[in-house]
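The sequence shown stops at residue 309 when you use the working numbering, and every number in between is there.
The beta carbon of each residue, even a glycine, is placed where N, CA and C say it ideally should be.
This one's a predicted model, so the numbers in the text were calculated from it and none came from an experiment.
These notes are about the structure you will find just below.
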Amino acid sequence: MANLTKPEVIDKLKELAKKLGTDTLKQEDIRKAGFIYQVILNFGGKIKPALIAAGLKPSRLGEAMSTTEEDLLQHIRDLQKKLGRPPVIIDLRREGKFSDKIYETRFGSFPEARAIALGGTPPTQSKRTQKPGDSDNMGDHFNYIGKAGEMYIISELLYQDYNANLALVDTGVDVIATKNDKTFYFQVKNVSFKNTNTRTVPITKSSFINNQRGNMYYMFVLQTEKEKKVLIVPYQNIHQYIQKEIIQFDEQKRQFNITISIADNTFKIHSASNTQQDEDVKHMVEDWKVIA
Numbered sequence: 018m019a020n021l022t023k024p025e026v027i028d029k030l031k032e033l034a035k036k037l038g039t040d041t042l043k044q045e046d047i048r049k050a051g052f053i054y055q056v057i058l059n060f061g062g063k064i065k066p067a068l069i070a071a072g073l074k075p076s077r078l079g080e081a082m083s084t085t086e087e088d089l090l091q092h093i094r095d096l097q098k099k100l101g102r103p104p105v106i107i108d109l110r111r112e113g114k115f116s117d118k119i120y121e122t123r124f125g126s127f128p129e130a131r132a133i134a135l136g137g138t139p140p141t142q143s144k145r146t147q148k149p150g151d152s153d154n155m156g157d158h159f160n161y162i163g164k165a166g167e168m169y170i171i172s173e174l175l176y177q178d179y180n181a182n183l184a185l186v187d188t189g190v191d192v193i194a195t196k197n198d199k200t201f202y203f204q205v206k207n208v209s210f211k212n213t214n215t216r217t218v219p220i221t222k223s224s225f226i227n228n229q230r231g232n233m234y235y236m237f238v239l240q241t242e243k244e245k246k247v248l249i250v251p252y253q254n255i256h257q258y259i260q261k262e263i264i265q266f267d268e269q270k271r272q273f274n275i276t277i278s279i280a281d282n283t284f285k286i287h288s289a290s291n292t293q294q295d296e297d298v299k300h301m302v303e304d305w306k307v308i309a
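This is the structure we're talking about:
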């Protein structure tokens, strides 16, 4: 789908509501209709203002989703002050202001949000392990060690004045960070170019579909024998590369394959299409300012 203007997005929302016979649209309705990315792009990552502009009523979840991340975190702090202990999910449900589903959508889970809000350590029993599909060669851990890449990104984010933590729940997000009352989500791919200058990195379809949001970033930690650099690609760019068929979808493995090459100070994503040129992504290397 070509990029839509804001008026065109509003018209599509009205048409979808009319088709479904409702004056209330859910995020899932828009996603199934295939233009959730356009809504995010034109309305700053928010669903509620788009629905209001179209004369529609946000769902109860949509209303709550317009709340800032800092408001959600502050609610946890307020509950702790009221209860005299860190709140658990049952406390959240009894109080009734926000549902645990909202925390799951924004932070990965309520325990993760609580860890961010209260500055605690995430529960060790939820510690994640490297997932199948994280490597283009699972037998060669020297070429692909996911956890090392995640810790490297956390350290870099801390250096950039973010509050960063490992995600506890496997939703396609590896690291969650906050800064200036905003929350950012990162999937990390640690890629070694030992004995080669080209690597193919997979992103599963399910993780990509579940994380269609403007504050999602794909962090490729590119390692050579001499140096380590981070290629920072926003979700919007990945989406565009898929639309242009620069990034190829593997039907059998149900994953998107991103082929990256580095040579002579050039950084490219190789096109899977015969009609599209390779994408020069040198300007995205170590571009931490793109996270906003």
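Cα-Cα separation, residue i to residue j
{"i": "K285", "j": "N227", "result": "26 Å"}
{"i": "L96", "j": "G136", "result": "15 Å"}
{"i": "E167", "j": "L73", "result": "40 Å"}
{"i": "V26", "j": "E32", "result": "10 Å"}
{"i": "D295", "j": "R94", "result": "48 Å"}
{"i": "N232", "j": "K199", "result": "9 Å"}
{"i": "N214", "j": "G51", "result": "36 Å"}
{"i": "N254", "j": "R102", "result": "43 Å"}
{"i": "K206", "j": "L21", "result": "31 Å"}
{"i": "D88", "j": "A134", "result": "10 Å"}
{"i": "T138", "j": "K196", "result": "Because the pLDDT at T138 is just 46, under 50, the model does not fix this residue reliably, and the value given afterwards should be weighed accordingly. Going from the Cα of T138 to the Cα of K196 covers about 19 Å."}
{"i": "K68", "j": "N59", "result": "The question names Lys, but residue 68 is Leu in the sequence shown. Straight-line Cα distance between these residues: approximately 12 Å."}
Coil, strand or helix - residue i by DSSP
{"i": "F95", "result": "In the sequence on display, residue 95 carries Asp and not Phe. Of the three classes helix, strand and coil, the one that applies to D95 here is helix, per DSSP."}
{"i": "I308", "result": "coil"}
{"i": "I64", "result": "coil"}
{"i": "I277", "result": "strand"}
{"i": "S209", "result": "strand"}
{"i": "K199", "result": "strand"}
{"i": "D297", "result": "strand"}
{"i": "N214", "result": "coil"}
{"i": "G150", "result": "Summary for G150: the model assigns pLDDT 40, below 50, so the residue's position carries little reliability; its value from the coordinates is reported in the next sentence. Coil, per DSSP."}
{"i": "L183", "result": "strand"}
{"i": "K74", "result": "strand"}
Residue i, enclosing beta strand (DSSP E) - first and last residue
{"i": "R102", "result": "No beta strand (DSSP E) contains R102, which DSSP labels as neither H nor E."}
{"i": "Y235", "result": "233 to 240"}
{"i": "D267", "result": "265 to 267"}
{"i": "V247", "result": "245 to 251"}
{"i": "F115", "result": "Counting along the chain, F115 falls outside any beta strand (DSSP E), and DSSP gives it neither H nor E."}
{"i": "N227", "result": "Note, N227: premise wrong, no beta strand (DSSP E); alpha helix (DSSP H) at 222 to 227."}
{"i": "T283", "result": "283 to 286"}
Contacts around residue i, its chain only, beta-carbon distance under 6 Å, and the 5 residues preceding and following it disregarded
{"i": "I264", "result": "Y258, F273, I275"}
{"i": "S143", "result": "Its pLDDT being 38, under 50, S143 is placed unreliably by the model, and the measurement read from it follows with that caveat. Closer than 6 Å at the Cβ level, and outside the excluded window around S143, lie L185."}
{"i": "Q240", "result": "S209"}
Proximal residues to residue i (C-beta, below 8 Å), its chain only, five neighbours per side dropped
{"i": "S223", "result": "G189, R271"}
Sequence-distant residues of the same chain with beta carbon closer than 7 Å to residue i, five excluded per side
{"i": "L106", "result": "Here residue 106 is Ile; the residue named in the question, Leu, does not match the sequence. Counting only Cβ-Cβ distances below 7 Å, and skipping sequence neighbours, we find D117, F127."}
{"i": "L90", "result": "A130, I133, A134"}
First and last residue of the uninterrupted alpha helix (DSSP H) at residue i
{"i": "V26", "result": "23 to 37"}
{"i": "L135", "result": "127 to 135"}
{"i": "A50", "result": "44 to 50"}
Any chain B beta carbon closer than 8 Å to residue i
{"i": "H92", "result": "Looking for chain B here will not work: only one protein chain is present."}
Any contact of the segment 101 to 121 with the segment 212 to 227, i.e. 3+ C-beta pairs under 8 Å?
-> no
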